[in-house]
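Taking the UniProt record's numbering, the leading residue of the sequence shown gets 1, the next gets one more, and so forth.
Glycine residues also receive a C-beta, built at the ideal position from the N, C-alpha and C atoms.
All values reported here derive from a predicted model rather than from experimental measurement.
Notes for the one structure printed next.
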Amino acid sequence: MSTDHLKIKIISHPVPERLLDESKNPKPHIHSIERYKELYQESIANPTEFWGKHANEFLHWDKPFENVLSGGFEHGDVFWFKGGKLNASYNCVDRHAIKDPNKVAIIYEANEPGQHRSITYGQLFRDVCRFANVLKSHGLKKGDTVAIYMPMVPEAVVAFLACTRLGVIHSVVFAGFSSEALRNRIRDADSRFVITADEGRRGDKTIHIKKIVDAALKECPNVKRVFVFRRTGSEVPFDSSRDLWWHEEIEKQRPYCPPEIMDSEDPLFLLYTSGSTGKPKGILHTVAGYLLGTAVTFKYVFDYHEGDVYGCMADIGWITGHSYIVYGPLINGATTVLFESTPIYPTPSRYWETVEKHKITQFYTAPTAIRLLRKYGREYVDGRDLSSLRVIGSVGEPIQPEAWDWYNEVVGRNECAVIDTYWQTETGSIIVTPFPGATVTKPGSATLPSFGIDLAILDPITGKELEETEVEGVLAIRQPWPSMARTIYNDHGLYLKTYFQHYKNYYFTGDSVGRDADGYYWIRGRVDDVINVSGHRLSTAEIEAALIIHPSVAEAAVIGIHDDITGQSVHAFATLKQLQESVDVKELSLQVSKGIGSFASPRKIYIVKDLPKTRSGKIMRRILRKIVSGESDQLGDLSTLSDPSSIPILIETVKNS
Ligand code: ATP
Ligand code: MG
Numbered sequence: 001m002s003t004d005h006l007k008i009k010i011i012s013h014p015v016p017e018r019l020l021d022e023s024k025n026p027k028p029h030i031h032s033i034e035r036y037k038e039l040y041q042e043s044i045a046n047p048t049e050f051w052g053k054h055a056n057e058f059l060h061w062d063k064p065f066e067n068v069l070s071g072g073f074e075h076g077d078v079f080w081f082k083g084g085k086l087n088a089s090y091n092c093v094d095r096h097a098i099k100d101p102n103k104v105a106i107i108y109e110a111n112e113p114g115q116h117r118s119i120t121y122g123q124l125f126r127d128v129c130r131f132a133n134v135l136k137s138h139g140l141k142k143g144d145t146v147a148i149y150m151p152m153v154p155e156a157v158v159a160f161l162a163c164t165r166l167g168v169i170h171s172v173v174f175a176g177f178s179s180e181a182l183r184n185r186i187r188d189a190d191s192r193f194v195i196t197a198d199e200g201r202r203g204d205k206t207i208h209i210k211k212i213v214d215a216a217l218k219e220c221p222n223v224k225r226v227f228v229f230r231r232t233g234s235e236v237p238f239d240s241s242r243d244l245w246w247h248e249e250i251e252k253q254r255p256y257c258p259p260e261i262m263d264s265e266d267p268l269f270l271l272y273t274s275g276s277t278g279k280p281k282g283i284l285h286t287v288a289g290y291l292l293g294t295a296v297t298f299k300y301v302f303d304y305h306e307g308d309v310y311g312c313m314a315d316i317g318w319i320t321g322h323s324y325i326v327y328g329p330l331i332n333g334a335t336t337v338l339f340e341s342t343p344i345y346p347t348p349s350r351y352w353e354t355v356e357k358h359k360i361t362q363f364y365t366a367p368t369a370i371r372l373l374r375k376y377g378r379e380y381v382d383g384r385d386l387s388s389l390r391v392i393g394s395v396g397e398p399i400q401p402e403a404w405d406w407y408n409e410v411v412g413r414n415e416c417a418v419i420d421t422y423w424q425t426e427t428g429s430i431i432v433t434p435f436p437g438a439t440v441t442k443p444g445s446a447t448l449p450s451f452g453i454d455l456a457i458l459d460p461i462t463g464k465e466l467e468e469t470e471v472e473g474v475l476a477i478r479q480p481w482p483s484m485a486r487t488i489y490n491d492h493g494l495y496l497k498t499y500f501q502h503y504k505n506y507y508f509t510g511d512s513v514g515r516d517a518d519g520y521y522w523i524r525g526r527v528d529d530v531i532n533v534s535g536h537r538l539s540t541a542e543i544e545a546a547l548i549i550h551p552s553v554a555e556a557a558v559i560g561i562h563d564d565i566t567g568q569s570v571h572a573f574a575t576l577k578q579l580q581e582s583v584d585v586k587e588l589s590l591q592v593s594k595g596i597g598s599f600a601s602p603r604k605i606y607i608v609k610d611l612p613k614t615r616s617g618k619i620m621r622r623i624l625r626k627i628v629s630g631e632s633d634q635l636g637d638l639s640t641l642s643d644p645s646s647i648p649i650l651i652e653t654v655k656n657s
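What follows is the structure, encoded as C-alpha cells:
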C-alpha cells in the first residue's frame, strides 16, 4: 500500500537553550540525547537489571523482591517483583511526611479564583490515616472494591490513598458521568461503598453529584455505605440508613492507621478507558509495577526537581489524573496542583493565572484544551508571567502541528520543552515522549520510546514486523513493562483478545503509526479510524492537521465512508474559531490537497458547532461515521459521550448537506 504521501514538512526544535543553562535551571536528569540512548539501550537489553535498580531507588519495600520479571504476553501472566511487599500510600505519603512534614504535597486551586489552599505531607498523612480508619471501621478490607465519584478536591486524593492504605481497590468514576454510567461501573466492579460529595462546581455550573449517586444506586443492592464529603454545603438528599458525612466520620478516628503490606502484584486500582472506540474496558493495575512506572516517568519525562511546582490539568477520573496528578508526583515527594475549574472560567486566562500564581514549573494538559484556548486567541495568554514554566506537555490525542506551534510560541515563548506524550489507560504510564533536556522535537510527533518500552511497527494485515526505519503500520510492543495493565476486570479473555491475540508475542496498542527517517514515531490515529482511498492509507491525524491550518478552523475530525469505486472516501467535519460565521469549504479542500495531495481531499465537509467528544475531550469519530453512513439508530455505547444534545443537531446538519 502506498505511503509516499506521508512525507511531512516539519521544522525541528532543538532543546531550548534556557533548559541547559545551569545558572538558571537545574541540570536536566536526562541532559543529552546520548544519555537518553544509553539509558534506553540498557532498559531494553537488560530490563531486569534496569527495573530492579529503579525499583530499589524509587520505592520503599517492606520486603525485598526476589525476582524482577516472570510470565509473559501469551497467557497475560506478567509478574513484576515477585516476593516483594510494599504499600502504595506509605510510598506516596509516609516517607515524605517523616522527612519533611511541612512540604506542600497538594495545592488545591478551587473553582473560584482566589480560593486555594495547600496541604502539606504531614497533613495529608493524618487525613489519609483518619479516613482509612473510617473505611476500616465500616468493615472494608483488603481486596474489596470502592467507587470514588468525587469532584477535584484534595479529599478525593485522600480517598485514593486511604483505599490503598488498606489494600482496598479504588474504582474512580469521573464526576461528570451520568447516573447510568456510574451505575454500570459500580456494578461491573462490584463496588461495596461509594465515596462522593454533596455537589461539585465546575465553571459556572453546579454538578448535583449526590443526586446522581442516589439515582445510580437504585439498582446497586450491594452498595452498603455512601460517604459524603461536604463541598458546597447545599442541602442534599441524605439516607441516614446508608449515607454518612465525611466530616462527622473522620472526627471519630485517630490520625494513624498502619498500612496493609501488599504483594507486588496485588490489585491497586480499576479504571475504565475513555470509551472513544467502543464500550469502556475496566483496566486493572497492580501495586509495584504501576507505582514504579509512574514514578520513573514522572521524574524523567517532566524532568522533576526538588522545589518544582507541577501542575496537571486533567481530572483525577482519568488515567492521566491517576498517574500524573496523584501517584507519580507523590511517589517523588513533589508538590502537585489540583485544579478544580475549567480553562475558560471565569475567563480564558484561567490556566495562565494559575501558572503565574503558583509559579508552576511543569504544565500538562490535552490537545482539546490547547485548541480551545487557541480558538480564543493569544490575548488571554499574553501579559501573564509564565517565566516559571520549563516543561509544557500534552496528552490524549494527536496534537496537530498547528496547535503544537501555538502552545510552544504563545505559552512556552519558545523557551520551554514541549512534550507530546503518548500513552493509554492500559500502559499506566507514558510510553512515547520527548525528554526535556535531550530530545529534538518535531511538532506532531511524540518522538521516541520511553525507558523499557520496546516498540515495533507491524504490517496490519500480515502482522509481520516492519524492520526498516521509515515505515507505516500499527504500533505494538515487544516486551512487558512494569506499569502495563494486568487484566480487564472479570474478563481476562477479553484482555488477551484485545491486546495479545491480534499479533502473537506483541502487545497491540490499537493505534496506527509512522516512523520517520530519524526513527521518530508519529501517531496517525486509531486503527479503526484509518481511511483507505484507492489504496492510499490516510491518517485521520494528518488530514485533520491540514484542515486546522486554515485561519478560520478551530477543530476538525475526518472519517472514511464506504465508496463503491475508491473503497472509501474522506468526509470531514470542522468547527470554526470565535467570531467566524462561515467559511468557504473549497478553501478547506484546497488546504488538504496542498498539504497532502488531492486524493486526500474530503468528498464532503460539514461545518458544525460541536464535534462529538468523550468526557475526557477526545473526538469520537465512530459516531460521525455512523451518522454519515445513515446508521444514526445504531450509534453504539454513548455512555462516555460528553454532550448528547449535540447528536440530533449533527444528524440534522448531515441530512441537510
Ligand atoms: P477506548 O480504549 O475505550 O476506546 P481511549 O483509547 O480513548 O478509549 P484512553 O486510554 O484514555 O482511552 O486513551 C488512549 C488513547 O489516546 C491512545 O490509544 C491514543 O489513541 C490516544 N492518545 C493518547 N495520547 C496521545 C498522543 N500523545 N498522541 C496521539 N494519540 C494519543
Ligand atoms: Mg483505548
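Residue of the options minimising C-alpha distance to residue i
| i | options | result |
| --- | --- | --- |
| residue 342 | 109, 216, 400 | 109 |
| residue 246 | 205, 255, 197 | 197 |
| residue 304 | 351, 346, 389 | 389 |
| residue 319 | 307, 271, 361 | 271 |
| residue 134 | 459, 56, 166, 354 | 166 |
| residue 617 | 609, 642, 631 | 642 |
| residue 140 | 373, 59, 168 | 168 |
| residue 127 | 111, 101, 540 | 101 |
| residue 89 | 73, 68, 70, 59 | 59 |
| residue 619 | 299, 646, 250 | 646 |
| residue 297 | 428, 492, 52 | 428 |
Buried or exposed by the 16-neighbour rule on C-beta atoms within 10 Å, applied to residue i
| i | result |
| --- | --- |
| residue 7 | Legend: pLDDT at residue 7 = 41, less than 50; position of this residue unreliable, no value from coordinates given. |
| residue 442 | buried |
| residue 565 | exposed |
| residue 23 | exposed |
| residue 582 | exposed |
| residue 525 | buried |
| residue 248 | exposed |
| residue 16 | buried |
| residue 170 | buried |
| residue 406 | buried |
| residue 656 | exposed |
| residue 56 | exposed |
| residue 517 | exposed |
| residue 479 | buried |
| residue 289 | buried |
6 Å CB neighbourhood of residue i in its chain, flanking five on each side removed
| i | result |
| --- | --- |
| residue 605 | 572, 585, 588 |
| residue 496 | 76 |
| residue 129 | 255, 256, 257 |
| residue 279 | 637 |
| residue 432 | 422, 446, 449, 521 |
| residue 159 | 148, 195 |
| residue 569 | 561, 563, 603 |
| residue 398 | 523, 541 |
CB contact flag (residue i, residue j, <8 Å)
| i | j | result |
| --- | --- | --- |
| residue 385 | residue 409 | no |
| residue 614 | residue 276 | yes |
| residue 162 | residue 132 | yes |
| residue 87 | residue 261 | yes |
| residue 607 | residue 574 | yes |
| residue 50 | residue 65 | no |
| residue 452 | residue 481 | yes |
| residue 412 | residue 19 | no |
| residue 264 | residue 84 | yes |
| residue 466 | residue 477 | no |
| residue 150 | residue 229 | yes |
| residue 351 | residue 578 | no |
| residue 43 | residue 294 | no |
| residue 527 | residue 510 | yes |
| residue 474 | residue 508 | yes |
Neighbourhood of residue i by C-beta, 7 Å cutoff - its chain only, sequence neighbours within 5 removed
| i | result |
| --- | --- |
| residue 220 | 183, 186, 187 |
| residue 190 | 145, 222 |
| residue 54 | 292, 296 |
Beta-carbon proximity list for residue i, same chain, < 8 Å, skipping 5 on both sides
| i | result |
| --- | --- |
| residue 336 | 105, 106, 107, 310, 311, 312, 325, 326, 329, 330 |
| residue 96 | 103, 105, 121, 330, 333 |
| residue 360 | 309, 310, 311, 337, 354, 388, 389 |
| residue 634 | 626 |
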